[in-house]
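In the numbering used here, the protein residues as written are 485 to 1046.
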């Protein structure tokens, strides 16, 4: 349950620490006192959308934290699946809001808003007046049925079949969409492939061509340099070169070795240098011969490089990319040219997938029929307890083409008086009836969930009198073994609270402040009198409030002893 909420600098709430209990927690207060801000603060702690406008005027940041305790093992397991570990059954969600963004933490560890939202969805649910509006929207009814029937697995199975059918249909539509465009594409691909293949490109070819061109363009200078090096190594007609000099030196050292053997190694070393330089001189001679070229070779090189350059402008920055383009183009061409075969195969696959999706949709429909029947039976029971004793409810399930959510259109039908025909809920239910129907549905659905805390934000709008008392009694009964937080403007509902907190607005030094304080019995009687009769609070109003509270306390006490 939500054990404690701390708020700092959120709108008119400067600082507040609110402690909650299990059971029915009631919040009341004058219009504009800050009840909606309180609900918004809880939402902020649980990852709801916020803005910098939420920060109290004159402050640079706002903070809110929510402490949850007594978490069940199942909830702890589900939190663990989100990567959130709880400590001794407690979880602290906190959020700091600044003009520049948010700083979120879970049990003191940095977290994202999305992680707050995911954790919050397992801990608390909020129901407000907008939920009654949603009930009037036919497209939401199917979701209520699926939620009640716990049909998430069936919906996922159906969607998998539907999605495969949809993707196959899209692929087939794409193939059949434009025959002339396909023909133009085939012509273009053939031209591109032929142009690339005609060039007979080889990996690394361009680098080799560029290297050869550099040699040819600088052949005269290179020949001069190589010839000079060769002469220094091999010598000329009159001057011996380095090779000959090393040969003479090696001969002399070998002669020395005959008399001083320790110099034999030096002779071998010098002889080795002689052989290496002789090999180098041979390489230089070969290089000089290679630099003798036909002038037409340079023209051929330039022409080839120009051809490659044109292909690079069209198909890729390198020969590797050009060849890769050709490969992909060939694959695409094969696919386009095999259209008739592919279309036939796709058509067959599509029919098979459509049949599987139809069967899966039919199975989902059967589950929904059973769930809808049980849901309406239980909601009717709830409505009887909410002062709608003659209410009859059914669900109309009609077929529609296969869609993401199945092949069903659901619509809630309602009759509130004896002898009246069932009609679409949105057309006949008043605002007060809609609130009670939503409360009845939420009461049924809450039994299917493991959410420990439910918030009802003025869900009693549009009702009064005996119906309001019935709503209060229903909320009190629903809070057994769980926590309900209810914001109400009705004394008949507030009287059923086990814990009553008052939200008051005050002005001090030109600033508006909101205070939240728990009420004892005297305070409750005074607040109930204000709600019923307004201010000033008269002795008669206090007496009426005391009677209301005494009657409710006796009623709830009797129920607990049954």
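The beta-carbon is built from N, C-alpha and C at its ideal position, and this holds for glycine as well.
Owing to the predicted nature of the structure, the values given are computational and were not obtained by experimental measurement.
Its chain contains 851 as the residues whose beta carbon lies nearer than 6 Å to that of residue 635, once the 5 sequence neighbours on both sides are disregarded; these appear in chain order. Residue state for residue 892 is assigned as strand, using DSSP reduced to three classes. When C-beta atoms of the segment 537-550 are compared with those of the segment 581-590, three or more pairs fall below 8 Å, so the two segments count as touching. Residue pairing by DSSP places residue 753 in no beta bridge whatsoever.
In the three-state scheme derived from DSSP, where H, G and I count as helix and E and B as strand, residue 993 is classed as coil. Counting only runs of at least 4 residues, the segment 517-583 fully encloses the following alpha helix (DSSP H) elements, listed from N- to C-terminal order: 519-529 and 557-565.
Look at residue 878 here: in three-state DSSP terms it is strand. Boundaries for residue 504: no alpha helix (DSSP H) harbours it, and the DSSP string shows neither H nor E there. Residue state for residue 592 is assigned as coil, using DSSP reduced to three classes.
Approximately 6 Å separates the beta-carbon atoms of residue 889 and residue 626; this is inside 8 Å, confirming the contact. According to the DSSP secondary-structure assignment, residue 499 is paired through a beta bridge with 492.
At the C-beta level, residue 834 and residue 656 come within 8 Å of one another.
Closest in alpha carbon position to residue 961, among 870, 683 and 537, is 870. Taking all protein chains in view, the Cβ of residue 804 is surrounded by fewer than 16 other Cβ atoms within 10 Å, so the residue is classified as exposed.
Rounded to the nearest angstrom, the gap between the Cα atoms of residue 903 and residue 954 is 24 Å. For residue 716, same chain residues with a beta-carbon under 8 Å away, outside a window of 5 residues either side, are 725 and 726 in chain order.
Rounded to the nearest whole angstrom, the CA to CA distance from residue 924 to residue 975 is 20 Å.
Around the beta carbon of residue 874, fewer than 16 other beta carbons sit within 10 angstroms, so the residue counts as exposed. The Cβ atoms of residue 696 and residue 820 lie no closer than 8 Å to each other.
As DSSP reads the structure, residue 899 sits in a beta bridge with 876. By the neighbour-count definition (other C-beta atoms within 10 Å, threshold 16), residue 759 is an exposed residue.
Inter-residue distance for residue 1005 and residue 856 is about 43 Å (C-alpha atoms, whole angstroms). Assignment of beta-bridge partners to residue 984 by DSSP yields 510.
In the structure shown, residue 813 adopts helical secondary structure according to DSSP, grouped into three states.
Distance from the Cα of residue 630 is smallest, within the candidate group 920, 893, 906 and 990, for 893. Taking C-beta atoms under 8 Å as the contact rule, residue 517 and residue 989 qualify, at a distance of about 4 Å.
In the DSSP assignment, residue 1006 falls within the alpha helix (DSSP H) that extends over 1005-1017. Checking the DSSP bridge columns, you'll see residue 998 partnered with 989.
By the neighbour-count criterion, in which 16 or more other beta carbons inside 10 Å mark a residue as buried, residue 702 falls on the exposed side.
Secondary structure in the segment 768-802: the alpha helix (DSSP H) runs of 4 residues or longer, each lying completely within the stretch, are 779-799 in chain order.
CA-to-CA, the gap between residue 928 and residue 609 works out to about 14 Å. The alpha-carbon of residue 785 is positioned some 25 Å away from that of residue 767.
Per DSSP, the continuous alpha helix (DSSP H) segment holding residue 599 begins and ends at 597-607. Taking every protein chain shown into account, the CB of residue 907 has fewer than 16 other CB atoms within 10 angstroms, so this residue is exposed. Fewer than three beta-carbon pairs drawn from the segment 495-507 and the segment 565-575 are found closer than 8 Å, and the two stretches are therefore not classed as touching.
Per the coordinates, the alpha-carbon of residue 800 lies some 30 Å from the alpha-carbon of residue 661.
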